[in-house]
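Comments concern the structure below.
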Amino acid sequence: MKHLFLSIAISVTSFLGFCQETEGHKITVTIDNVKNDKGHVLLGLHTSEDFMKGTGIQSQKSEIKNGKITITFTNVKPGTYAIMALHDSNDNERMDFENGMPLESYGMSNNPVSYGPPQFSEAKFEMGEEDVEMAIRF
Numbered sequence: 280m281k282h283l284f285l286s287i288a289i290s291v292t293s294f295l296g297f298c299q300e301t302e303g304h305k306i307t308v309t310i311d312n313v314k315n316d317k318g319h320v321l322l323g324l325h326t327s328e329d330f331m332k333g334t335g336i337q338s339q340k341s342e343i344k345n346g347k348i349t350i351t352f353t354n355v356k357p358g359t360y361a362i363m364a365l366h367d368s369n370d371n372e373r374m375d376f377e378n379g380m381p382l383e384s385y386g387m388s389n390n391p392v393s394y395g396p397p398q399f400s401e402a403k404f405e406m407g408e409e410d411v412e413m414a415i416r417f
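Just so you know, the working numbering puts 406 at position 127 of the sequence shown, and the rest follows in order with no gaps.
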């Protein structure tokens with residue numbers, strides 16, 4: 280009886296272990312032109328529904344070393360996304376403005392150069408069945 284129970288337990292455990300699969304893929308982001316190592320870089324992975332409305336579907340906070348950061352978003356399912364990044368130099372977890380102009384560096388996926396508020400249409404990219412690596416410039 281012990282052997283039967285042990286055999287069933289091992290079979291069920293093995294089956295469940297093989298049935299698990301990752302829910303998505305990875306997006307690795309590198310920024311190598313951060314002005315200084317003060318504060319952190321905040322990054323958000325956004326869909327069109329939550330773009331410019333908070334932290335996004337995933338968020339990351341990275342320390343800066345020698346003006347560079349690298350982070351990875353994991354378990355990202357195929358779809359259309361945009362990434363926003365902010366050098367939060369004073370660690371207050373928000374972008375600071377003076378007279379309507381940003382005081383801290385920021386960037387987006389696709390590195391669009393635009394005047395005015397960021398647009399999802401300029402920053403969007405397609406996540407397929409492969410991992411993605413990208414560089415964002417401030």
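Think of the CB as a built atom: it goes at the ideal place given N, C-alpha and C, for glycine as much as any other residue.
All values derive from a computational prediction rather than experimental measurement.
Query, Result
"DSSP beta-bridge partners of Met-363", "Gly-323, Met-387"
"Tyr-360 burial status per 10 Å Cβ neighbour count (16 or more: buried)", "buried"
"DSSP-derived helix/strand/coil call for Phe-376", "strand"
"Pair within 8 angstroms by beta-carbon distance, His-319 and Lys-332", "no"
"Leu-324 Cβ short of 7 angstroms to the ligand SAH heavy atom set", "Inclusion of the ligand SAH in the displayed structure is not the case, the ligand content being empty and no account of it being possible."
"CA nearest to the CA of Met-387, picked from Glu-401, Thr-353, His-304", "Glu-401"
"Selected residue, minimal CA-CA separation from Ile-321, among Phe-352, Glu-302, Met-363, Gly-346", "Going by the sequence as given, residue 321 is Leu instead of Ile. Closest option to Leu-321, Cα to Cα, is Met-363."
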